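Single-structure report; data block below.
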Amino acid sequence: MAITKEPGQKGVNWSNIAVGGIMNMVTTLGQPLEVLKTQMAANRKQTMFQAVQTVWSRGGVAGFYQGLIPWAWIEASTKGAVLLFTASEIEVATTGLGVNPAVAGLLGGMGGGIVQAYATMGFCTCMKTAEITRHKQAATGIKPPSTWAVFADIYRREGIAGINKGVNAVAVRQCTNWGSRMGFARLAEDTIRKLRGKGENEKLTAPEKILSSSIGGALATWNQPIEVVRVEMQSMAKSAERGEKKTIMNTLSYIYKENGIKGLYRGVTPRIGLGIWQTICMVSLADYVKAWVKGQ
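Numbered per the numbering used here, the sequence shown finishes at 294, counting up by one with no gaps.
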């Protein structure tokens, strides 16, 4: 189902802000995959089983929900609104100019990803990663500071730049993430239509929509090196080799030197699952919700 305006509809569709916020809150059900992905990206010598053990040691099931409250919820509700609103408006504008739906999806996803990264995601993503990667101080008998205390400490020491650490990497990730997810998903939809002999304006069935989003979410993980760089830049772990000033390029170089090509793809398996889930929510299900809202 391509993103099109109803006949006679003018202006922007503000309801997409609410739809995006709500749908992205649903994606936080995948937080265990987010935690596991981040754990493996930050500790690149761990196997999947070792990563699961480490996360479990932080408090059992609760360990898999580190960073969910408040950071993931704040991030999800705001970035989803920004993403769906921006991406939808770009898709509407470009398809109206005759652009292919797959290309329109690519452009919409890229634009939405960049805007959400700088507008809402920087500090939330940084704080989620800090929560997942900071040392387990309780083991030494020290009471771990609250998440707000960690936030205040980073802000006190490094200011706005500190709590937005790695935001450029987040922007590159989100641009390629949602550009790929939406672009591949729309391309898959077009391919399924052709294989099924459906017309351009014929609706796909729910299983067909879910399949196309699953393909888009899985293929979009080609940019895993950017995600590993983002995690490393925002990690609370310190070492002389890492250096104090982390840029995208010197962090990429450090990871490659320490762990090789494999290190740049650590955590890709749980991220594939997460990518599929998020794309189903933000593309397939969001299309249905937007269509329902339009009909009210």
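Just so it is clear, CB atoms sit at the ideal spot from N, CA and C, and this is done for glycine as well. All values derive from a computational prediction rather than experimental measurement.
Where residue i sits in the DSSP three-state scheme
i: Gly197; result: coil
i: Gly214; result: helix
i: Leu202; result: coil
i: Tyr153; result: helix
i: Leu262; result: coil
i: Leu287; result: A small correction: the amino acid at residue 287 is Val; Leu does not occupy that position in the sequence shown. Helix, per DSSP.
i: Lys43; result: coil
i: Asn98; result: coil
i: Thr245; result: coil
i: Arg171; result: helix
i: Ser86; result: helix
Own chain, CB closer than 8 Å to residue i, minus 5 neighbours either side, in chain order
i: Gly197; result: Arg191
i: Cys279; result: Met21, Asn22, Val24, Thr25
i: Tyr31; result: The sequence given here places Leu at residue 31; Tyr does not occur at that position. The answer, listed in chain order, is Pro268, Arg269, Gly271, Leu272, Trp275.
i: Thr303; result: Shown here, the chain extends from -1 to 294; a query on residue 303 therefore has no answer.
Spatial distance of residue i from residue j (CA atoms)
i: Ala218; j: Ile152; result: 32 Å
i: Gln37; j: Asn199; result: 43 Å
i: Ile253; j: Trp220; result: 17 Å
i: Gly214; j: Asn257; result: 28 Å
i: Arg154; j: Gln29; result: 28 Å
i: Trp54; j: Gln44; result: 14 Å
i: Val168; j: Thr76; result: 15 Å
i: Asn175; j: Thr93; result: 21 Å
i: Ala49; j: Gly61; result: 11 Å
i: Val59; j: Pro68; result: 17 Å
i: Leu193; j: Lys201; result: 14 Å
i: Glu230; j: Ala40; result: 6 Å
i: Val281; j: Ser212; result: 10 Å
i: Lys8; j: Ala102; result: Confidence is the limiting factor: at Lys8 the pLDDT is only 44, short of 50, which leaves the residue's position unreliable, though a coordinate-based value still follows. Roughly 19 Å separates the two Cα atoms.
i: Phe47; j: Thr245; result: 31 Å
i: Val97; j: Ser86; result: 14 Å
i: Thr118; j: Gln232; result: 16 Å
i: Gly203; j: Leu95; result: The amino acid at residue 203 is misidentified as Gly; the sequence shows Thr. If you take the alpha carbons of Thr203 and Leu95, they lie about 27 Å apart.
i: Ile259; j: Ala70; result: 29 Å
Neighbourhood of residue i by C-beta distance below 6 Å, restricted to the same chain and skipping five residues each side
i: Ile88; result: Leu105, Gly106, Gly109
i: Lys288; result: Val17
i: Arg42; result: Asn257, Gly261, Arg264
i: Glu225; result: Arg171
i: Gly111; result: Gln172, Cys173, Asn175, Trp176
Top-ranked residue by Cα proximity to residue i, from the options
i: Ile274; options: Ser178, Ala70, Trp290; result: Ser178
i: Gln114; options: Ala60, Ile67, Val170, Ser212; result: Val170
i: Ile72; options: Val50, Ile278, Met23, Thr92; result: Met23
i: Asp302; options: Val90, Ala60, Lys244; result: Shown here, the chain extends from -1 to 294; a query on residue 302 therefore has no answer.
i: Leu250; options: Pro223, Gln232, Leu272; result: Pro223
i: Ile15; options: Gly57, Ala74, Tyr116; result: Ala74
i: Leu66; options: Leu27, Lys35, Leu95, Ala117; result: Leu27
i: Gly312; options: Thr84, Arg56, Gly57; result: Nothing in the structure corresponds to residue 312, since the chain is present only between -1 and 294.
i: Thr277; options: Ala216, Tyr116, Ile259; result: Ala216
Same chain, Cβ closer than 7 Å to residue i, five either side skipped, listed in chain order
i: Leu283; result: Met21
i: Asp188; result: Pro99, Ala100
i: Arg228; result: Gly164, Ala167, Val168, Arg171
i: Val291; result: Ser13, Val17
i: Ala238; result: Residue placement at Ala238 is flagged as unreliable, the pLDDT there being 48, under the threshold of 50; a coordinate-derived value is accordingly withheld.
i: Tyr116; result: Val165, Ala169
Residue i CB to nearest heavy atom of the ligand FAD below 6 Å
i: Arg228; result: The model on display carries no ligand, and the ligand FAD is accordingly not part of it.
Closer than 8 Å is the cut-off here; do at least three beta carbon pairs connect the segment 180 to 192 with the segment 200 to 209? yes
Mind the definition here: the segment 261 to 276 touches the segment 73 to 87 only if three or more C-beta pairs lie below 8 Å; say whether that holds. no
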